[in-house]
Amino acid sequence: MLYREAGDYKTSYVADSQTFPIKFDRYGYYVLLGFAFLVMPLIINDYWANSIVVPFLIYAIAALGLNILIGYCGQLSLGTGGFMAVGAYASYKMMTAFPDLNIIFVIIIAGMVTACVGVLFGLPSLRIKGFYLAVATLAAQFFLIWLFTRTAWFYNYSPTGMISAPTREIFGVPVTGPRASAVSMYMICLCFLVASAWLARNLTRGSLGRTWMAIRDMDIAAEIIGVNPLIAKLTAFAVSSFLVGISGALLFTVYLGAAEAGEAFGIDKSFLVLFMVIIGGLGSIFGAFAGAAFLIVGPVLLKLLLVNSLGWPTDLAAHLEIMIVGALIIVFLIVEPHGIAALWRTIKEKLRLWPFPY
Amino acid sequence: MKMTKLAATLAATMVVAGPTLAETLHFPSLSYRTGPFAAGGIPFADGYSDYLTLINERDGGIGGVPIRQTECETAYNTERGVECYQSIRNDNPLVLQPLSTGITYQLIPRTMEDGIPMHTMGYGRTSAVNGEVFNWTFNYPANYWDGASVIINYLLDENDGSLEGKKIALLYHNSAYGREPIPTLTRLGETHGYELVTIGVDSPGQEQGSQWLQIRRERPDYVVMWGWGVMNPTAIQEAANIRFPMENFIGVWWSGSQQDVRPVGSGAHGYKALAMHGTGTDYPIYDDMQQYVIDAGKYAGTGDEVGTVLYSRGMYAAMLAVEAAKKAQEIHGVAAITPAMMRDGMANLEITEELMAELGLPNFGPAFSVACENHGGSGAAMIQQWDAEAGEWNLITDWISPDRDLIMEMAMDDSVAYAAENDITPACLN
């Protein structure tokens, strides 16, 4: 009923291989984009933007990045927090060294710097796999944070080691710093997220994505059919780190405004993004969005419900929040080990056949 | 247990466009009762809340306007702190006290932009003493650099005026908080000739094996600690384990509460810490507190933190906030004050010994006055020592003044640099 495919014919290969081949999906996607770009800026207020929507957008970029590495290329990484820190510190150094550089370029360059660092730490992946690689990237996490807290050059020799983002404008509208409005912060994060998702989707559909997936599914077989593992793995690390770096740069410049490597980009960030990918669904673009929504929006909504609506004590609510989110994660993984994306896929299948299942 | 009533902040934040005219005085509390820093966060939040409850119960509010309290859990995490700030900023918060240097750094530019005063008592950004740059941030009665200088002045006193050739180790929480005293201690080292060894402990601080190995190797004459939360008892335990002479181990005021020394037992006997206010329950205010808040069952939390050092500090913070609100009411002649009026009250606050005695806290804190150019108060502090047998902190010195000229000079440099970075023209707000 909802998914009416009757009459939805494809007459060319291009039409058949598009991202949303079903008309209903495609129009839904256009409506969603239109809503996000045209309606949300009108109705969004400070609290919703700053506490829920902007962090969701930023973490969705990080989850997209990590999903390319783990979900599409099968390279387990625990260094996400460290790579986000690279993005943040690179953008800080760029902003302070080149005050006239447009913030959009600052963020993109920060992503490129992170891509280079990611490739560097991805080199061991040519020799080691699975858990051993996870440990190697964990070392990257600790090394990078150590570097940023001990080397004064990275925080411009400030006495406390905090970095803070100065105000930068796009078309005269401040997007970073305290004067940035909710709408401008929302819009810049949304643009980066849409661009990232578009990039990720198209890369994973193309030949590069197929080499990644071949490596993921069976690296020896992939090598036999002509996939170069060096190029496949390192490009996965580069693209993944690029997106993670962009999210780190946005988190620091747009959302937090001031940050400290150990506190803002610690090991818990790596786990948070990893959980987003696992819960959302490995190897799925939609999964990155779903996982980020689950882990960022969920706790805040729970807090609003328990503390602000029911008036419970804050400490009890905070403890319950940890327990409820933890329990939900376990339940989710038991009910659907492949994440929210797989659950969504099943629902879609059922809807397409409804009301006459086999 | 007292249920903290959050009167529909949800509705307020989502629906209300501008600040509503307050019939109550809103004092938010950015507390943390969970996480590795909860040991320090709980008593402070309880003391802060109980004092405000006392004012409501005993005096019927400030100038006849009742106080409305809200609480938001940050878990000492800056991202959650920002979320909390967003949830209360449109709800007419009179003063923010985040009790976290990290959150303070996040909120300084935002509060300046939104016009909401922030009081960071004994923590936060030291150079906020320059009120011409940091119009909305206050850190009276003392700041980190004062504390570092007081410790050095105390040690000078102990060593007949000379620290020449001594070695002092600074064991610090590796965060903005812990790194704050390093510039002052380095500068003072140049003047007084001691050698400074800085040893960082990564957050939260349960793992200090290698740091104490280094302390054993370096053999410092004194260890100064800038710790918080779970780091404190761990450090004191490690010091006891290597039999470091406890009287040579001095913590900052955030490393000197019952929660820090009790877990170590008799090993902590003789440990010293800075005290920015008196300790114990021998102050008349505690009788009122007992009568109006504790016995009435209106206390925050579980009520078993009453009288600890950090409980007293929370109470002291609330007391300073209430006095500033009274001052603001006096200046503007209105009872229902706004955050902007509150700022005027804070900028013109004057705490005298008579006032302290009148409030039931004689000689509890230093007498000081705040001015537009100086948001820092007097900077004086005392030294307290832990008596493990009696289970209490004893004040062993009178008020010790810091080297204020040096600190103001350094604070000026830092704040002027901040002003230049952020396009602020230093000026007083009127």
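Those protein sequences? They're chains A and B, same order as listed. Following our numbering, the numbering of the first sequence begins with -11 at its first residue and continues without gaps. Following our numbering, the numbering of the second sequence begins with 264 at its first residue and continues without gaps. Just so it is clear, CB atoms sit at the ideal spot from N, CA and C, and this is done for glycine as well. A quick note: this is a predicted structure, and the numbers were derived from the prediction, not measured.
Give me whichever residues DSSP pairs with residue i in a beta bridge.
i, result
"D650 of chain B", "B:E655"
"F290 of chain B", "B:Q332"
"K485 of chain B", "In the sequence under discussion, the amino acid at residue 485 of chain B is Tyr, which differs from the Lys named in the question. Paired residue(s): B:I431."
"V161 of chain A", "A:I158"
"F401 of chain B", "B:H382"
"L359 of chain B", "B:M381"
"S152 of chain A", "A:A246"
"E613 of chain B", "B:S632"
"N393 of chain B", "B:N637"
In the structure shown, what three-state DSSP assignment does residue i receive?
i, result
"A634 of chain B", "coil"
"N33 of chain A", "coil"
"A(-6) of chain A", "coil"
"K185 of chain A", "First, the amino acid is wrong: residue 185 of chain A is Ala here, not Lys. Of the three classes helix, strand and coil, the one that applies to A185 of chain A here is helix, per DSSP."
"N55 of chain A", "helix"
"P467 of chain B", "coil"
"K561 of chain B", "coil"
"V460 of chain B", "strand"
"A411 of chain B", "helix"
"N626 of chain B", "coil"
"L284 of chain B", "Caution applies to L284 of chain B, whose pLDDT of 46 falls short of 50 and renders its modelled position unreliable; the value that the coordinates give is listed next. Correct three-state label for L284 of chain B: coil."
"N504 of chain B", "helix"
"N190 of chain A", "helix"
"H436 of chain B", "strand"
"A644 of chain B", "strand"
"E251 of chain A", "helix"
"T325 of chain B", "It should be noted that the sequence gives Ile, not Thr, for residue 325 of chain B. Strand."
"Q663 of chain B", "Note on residue identity: the sequence assigns Ile, not Gln, to residue 663 of chain B. If DSSP states are grouped into helix, strand and coil, I663 of chain B belongs with the strands."
"Q522 of chain B", "helix"
"R480 of chain B", "helix"
From what residue to what residue does the alpha helix (DSSP H) around residue i run?
i, result
"K221 of chain A", "217 to 238"
"K117 of chain A", "Neither: K117 of chain A is in no alpha helix (DSSP H) and is coded neither H nor E."
"I351 of chain B", "341 to 351"
"G514 of chain B", "Not the alpha helix (DSSP H): G514 of chain B falls in the beta strand (DSSP E), residues 512 to 514."
"N422 of chain B", "Run containing N422 of chain B: none; DSSP gives neither H nor E here."
"M699 of chain B", "Because chain B here runs from 264 to 693, residue 699 of chain B falls outside it and cannot be looked at."
"I312 of chain A", "302 to 323"
"W332 of chain A", "327 to 341"
"G99 of chain A", "91 to 110"
"H532 of chain B", "No alpha helix (DSSP H) holds H532 of chain B; DSSP gives it neither H nor E."
"E586 of chain B", "572 to 595"
Can you find a CB in chain A that lies within less than 7 Å of the CB of residue i?
i, result
"P356 of chain B", "no"
"Q349 of chain B", "yes"
"S466 of chain B", "yes"
"N443 of chain B", "Note that residue 443 of chain B is Glu in the sequence shown here, rather than Asn. Yes, contact with chain A."
"A432 of chain B", "no"
"R296 of chain B", "yes"
"R373 of chain B", "yes"
"G365 of chain B", "yes"
"Y546 of chain B", "no"
"Y368 of chain B", "yes"
"P446 of chain B", "yes"
"V279 of chain B", "Unreliable placement is indicated for V279 of chain B, whose pLDDT of 40 sits below 50; the coordinate value is still reported in the next sentence. Closer than 7 Å: no."
For a cutoff of 7 Å on Cβ pairs, would you count residue i as touching chain B?
i, result
"V2 of chain A", "no"
"M82 of chain A", "no"
"A153 of chain A", "no"
"R73 of chain A", "It should be pointed out that residue 73 of chain A corresponds to Ala in this sequence rather than to Arg. So, not an interface residue."
"P29 of chain A", "no"
"I335 of chain A", "no"
"Y35 of chain A", "yes"
"S362 of chain A", "Residue numbering for chain A in the displayed model covers -11 to 346; residue 362 of chain A lies beyond these limits and cannot be assessed."
Looking at the unbroken beta strand (DSSP E) that takes in residue i, where does it start and where does it end?
i, result
"A537 of chain B", "Inspection of the sequence shows that residue 537 of chain B is occupied by Leu rather than by Ala. Per DSSP, L537 of chain B belongs to the beta strand (DSSP E) from 535 to 538."
Cβ-heavy atom distance between residue i and the ligand SAH below 6 Å?
i, result
"S228 of chain A", "For the structure depicted, the ligand SAH is absent and the ligand set is empty, with no information on it obtainable."
Evaluate contact between the segment 382 to 397 of chain B and the segment 361 to 368 of chain B, counting only Cβ atoms and requiring at least three cross-stretch pairs below 8 Å. Taking 8 Å as the limit for Cβ pairs, the verdict is that the segment 361 to 368 of chain B does touch the segment 382 to 397 of chain B.
Stretch-stretch touch, CB-based, cutoff 8 Å, three pairs: the segment 520 to 534 of chain B with the segment 590 to 599 of chain B: Result no; under three Cβ-Cβ pairs closer than 8 Å.
Can we say the segment 616 to 624 of chain B touches the segment 489 to 500 of chain B, given the rule of at least three CB pairs closer than 8 Å? They do not touch, by the three-pair rule.
Three-pair Cβ contact test at 8 Å for the segment 265 to 272 of chain A versus the segment 33 to 43 of chain A: Short answer: they don't touch.
May I ask you to verify whether the segment 284 to 302 of chain B touches the segment 341 to 354 of chain B, counting CB pairs closer than 8 Å and requiring at least 3? With the cut-off at 8 Å, the segment 284 to 302 of chain B and the segment 341 to 354 of chain B touch.
Examine the Cβ distances between the segment 634 to 643 of chain B and the segment 549 to 568 of chain B and report whether three or more of them are shorter than 8 Å. Segments in contact, no.
Do the segment 400 to 411 of chain B and the segment 640 to 649 of chain B touch if we need at least three Cβ pairs shorter than 8 Å? Yes: at least three Cβ pairs fall under 8 Å.
When you compare the segment 6 to 15 of chain A with the segment 138 to 152 of chain A, are there three or more beta-carbon pairs, one atom per stretch, that lie closer than 8 Å? No, the segment 6 to 15 of chain A is not in contact with the segment 138 to 152 of chain A.
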